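Remarks on the structure that follows.
2 protein chains.
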Amino acid sequence: MSGVRAQQKEKTRRQIINAALKQLSAERSFSSLSLREVAKEAGLAPTSFYRHFSDMDELGLTLVDEAGLTLRQLMRQARQRIAKGGSVIQISVQTFMELIESNGNVFRLLLRERSGTSAAFRAAVIREIRYFTMELCDYLQKANQLDADVAYMQAHAAVTIVFGAGSDALDIEDKTERDQLANQTIQQLRFIARGALEFSDRRKISKKFS
Amino acid sequence: MSGVRAQQKEKTRRQIINAALKQLSAERSFSSLSLREVAKEAGLAPTSFYRHFSDMDELGLTLVDEAGLTLRQLMRQARQRIAKGGSVIQISVQTFMELIESNGNVFRLLLRERSGTSAAFRAAVIREIRYFTMELCDYLQKANQLDADVAYMQAHAAVTIVFGAGSDALDIEDKTERDQLANQTIQQLRFIARGALEFSDRRKISKKFS
DNA sequence: TGTAACAGCGTACACGTGTACGCTTAAATA
DNA sequence: TATTTAAGCGTACACGTGTACGCTGTTACA
Chain A
1 MSGVRAQQKE
11 KTRRQIINAA
21 LKQLSAERSF
31 SSLSLREVAK
41 EAGLAPTSFY
51 RHFSDMDELG
61 LTLVDEAGLT
71 LRQLMRQARQ
81 RIAKGGSVIQ
91 ISVQTFMELI
101 ESNGNVFRLL
111 LRERSGTSAA
121 FRAAVIREIR
131 YFTMELCDYL
141 QKANQLDADV
151 AYMQAHAAVT
161 IVFGAGSDAL
171 DIEDKTERDQ
181 LANQTIQQLR
191 FIARGALEFS
201 DRRKISKKFS
Chain B
1 MSGVRAQQKE
11 KTRRQIINAA
21 LKQLSAERSF
31 SSLSLREVAK
41 EAGLAPTSFY
51 RHFSDMDELG
61 LTLVDEAGLT
71 LRQLMRQARQ
81 RIAKGGSVIQ
91 ISVQTFMELI
101 ESNGNVFRLL
111 LRERSGTSAA
121 FRAAVIREIR
131 YFTMELCDYL
141 QKANQLDADV
151 AYMQAHAAVT
161 IVFGAGSDAL
171 DIEDKTERDQ
181 LANQTIQQLR
191 FIARGALEFS
201 DRRKISKKFS
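See the structure below:
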């Protein structure tokens, strides 16, 4: 049970995962990757791939899970920054944009598979995004004393906007243009926050009088 | 110049386009279509395909153009309905949802190619969406007397939200769930409209005092 | 120490792909 | 009417794909 063998297996498993991630780019989607290519990049015979994943699909789902993990780590990072003081919206957007810059291909994977041809992939991505949305929803509800529905709608809208901005950002290489997009996104999130707050207040008043 | 020949050519060209559209589905993206499959579905020998398109890419770009056209027709339809009275937001969302229901695969094409592997495709889709956004921007600016920047940000946010909702709707088959999504989307658009209006007003006041 | 488990390899196969080439047949033009 | 043009077809080729099968060498365990 020392695990020399298991350790080695885990290592080549990671090699496969990394090989797949490495091949992803703006021009190369996961579905366009072949088993043989990935195996080759990992320094493996094509047939050895099967010792670790029964399918390219299984590998893909693993990648989506990893991407979701990256996303959650990002949120924690953002919360730490926020705790140190600063505009919640601004810091969140900034953190997200940094993800795009450093892990563009991981984010691309999520975007693409969300509208991909595999129902399993779509479900997996949607699940990850839902986690993301729900955590934000909790935060908003507590921080702003919002109605549960309103908080959810705000969180959902905010996530949609941020992901949309991320998608746009992927096709922008100019730094100042990217900053402009970030500022625009911040402003849009403020529109939503303002609208949600006002609506929530109006509801509270009508509840008071009922 | 009677054009019996040209007419025939146009006809089979349409057959190719329709064959491609017919093969698109939730499980089948354009990039996963092969020239041979499309040709077969169109009742053509594989090599005859080249008489009409030099490439599958060329066919794909044609499809994106057609999808954009569909989108613009939709807007006109929505405007006609609005002119007959009713909530602008509600009618717009409703019209959009009807597109999803009747032309889901066309909309899927746009969503997928927007984050696809071909830069040309991405650019084409983004261009179509920009048209859509700009028309909405003009409308908002005139109807609500908004600042140009504010109107653009509102339009952009609204389009992002509506497209996001469309994307979600594609994976929902239950009618009541879909209606719920539509209502949520309407509410989110109201958040944005409210926030934009308030922000625009605040700007006008500060301009008055300057 | 003997043996069972198993990661990894190489070979081999059937299949689908894009497309080059030359042919046929019907419309367009001179 | 004679000639040119071009849509469509069939054959053929090289290539990349997933994966079945049997083998080797090393680790784990009795």
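Heads up: the sequence lines are chains A and B, in that order.
Numbering of the first sequence is given in the numbering used here, commencing with residue 1 and proceeding in unit increments.
Numbering of the second sequence is given in the numbering used here, commencing with residue 1 and proceeding in unit increments.
Idealized CB from N, CA, C, for every residue including glycine.
Note that the coordinates shown come from a computational prediction; the quantities given were computed from them, not determined experimentally.
- Look at residue 192(A): its C-beta is under 9 Å from a C-beta on chain B.
- Considering only 10(B), 38(B), 94(B) and 80(B), the residue with the shortest C-alpha distance to residue 187(B) is 94(B).
- Using a CB distance cut-off of 9 Å, residue 99(A) does not count as an interface residue toward chain B.
- The count of Cβ pairs closer than 8 Å, one atom from the region 190-205 of chain A and one from the region 99-118 of chain A, stays below three, leaving the stretches out of contact.
- The criterion of a C-beta distance shorter than 9 Å is satisfied by residue 72(B) and residue 132(B).
- When C-beta distances to chain B are compared with 9 Å, the residues of the region 169-182 of chain A below that value are 170 and 171, in chain order.
- Under DSSP, residue 28(B) shares a beta bridge with 25(B).
- The C-beta distance from residue 64(B) to residue 49(B) rounds to 18 Å, too long to fall under 8 Å, and the pair is not in contact.
- Residue 11(A) and residue 117(B) have their C-alpha atoms some 30 Å from each other.
- With the rule of 3 Cβ pairs closer than 8 Å, the region 173-183 of chain A does not count as touching the region 164-176 of chain B.
- Sequence-distant Cβ neighbours of residue 125(A) in its own chain, meaning closer than 7 Å and more than five residues away, are 64, 110, 113 and 114.
- Residues are counted here when their Cβ sits less than 9 Å from a Cβ of chain B; for the region 106-128 of chain A these are 108, 111, 112, 114, 115, 116, 117, 118, 119, 122, 123 and 126, given in chain order.
- Only exposed fits residue 47(B), as fewer than 16 other CB atoms lie within 10 angstroms of its CB.
- Contact of residue 10(B) with chain A is not assigned, every C-beta pair being separated by 9 Å or more.
- DSSP places residue 92(B) in the uninterrupted alpha helix (DSSP H) bounded by 88-102.
- In summary, the residues of the region 144-162 of chain A whose CB is separated from some CB of chain B by less than 8 Å are 153, 154, 156, 157, 160 and 161, in the order they occur in the chain.
- When 9 Å is used as the limit between beta carbons, residue 199(A) is near these residues of chain B: 187, 190, 191 and 194, in chain order.
- Neighbours of residue 202(A) across chain B, judged by C-beta separation under 7 Å, do not exist; the nearest C-beta is about 10 Å away.
- The DSSP assignment places complete alpha helix (DSSP H) segments of no fewer than 4 residues inside the region 101-137 of chain A at 104-114, in order along the chain.
- Judged by beta-carbon spacing, residue 135(A) lies within the 9 Å limit of residue 75(A), meaning their Cβ atoms are closer than that value.
- Short of 8 Å from the beta carbon of residue 100(A), and not among the five residues preceding or following it, lie these beta carbons of its own chain, in chain order: 107, 166, 169 and 170.
- Taking a C-beta distance under 9 Å as the contact criterion, residue 31(A) and residue 31(B) qualify as a contact pair.
- Per the C-alpha coordinates, the member of 51(A), 59(A), 13(A) and 96(A) positioned closest to residue 34(A) is 59(A).
- With 16 or more other CB atoms across the displayed protein chains lying within 10 angstroms of its CB, residue 91(A) is buried.
- CA-to-CA, the gap between residue 158(B) and residue 189(B) works out to about 6 Å.
- Put simply, of 77(B), 85(B) and 84(B) the residue whose alpha carbon is nearest the alpha carbon of residue 98(B) is 77(B).
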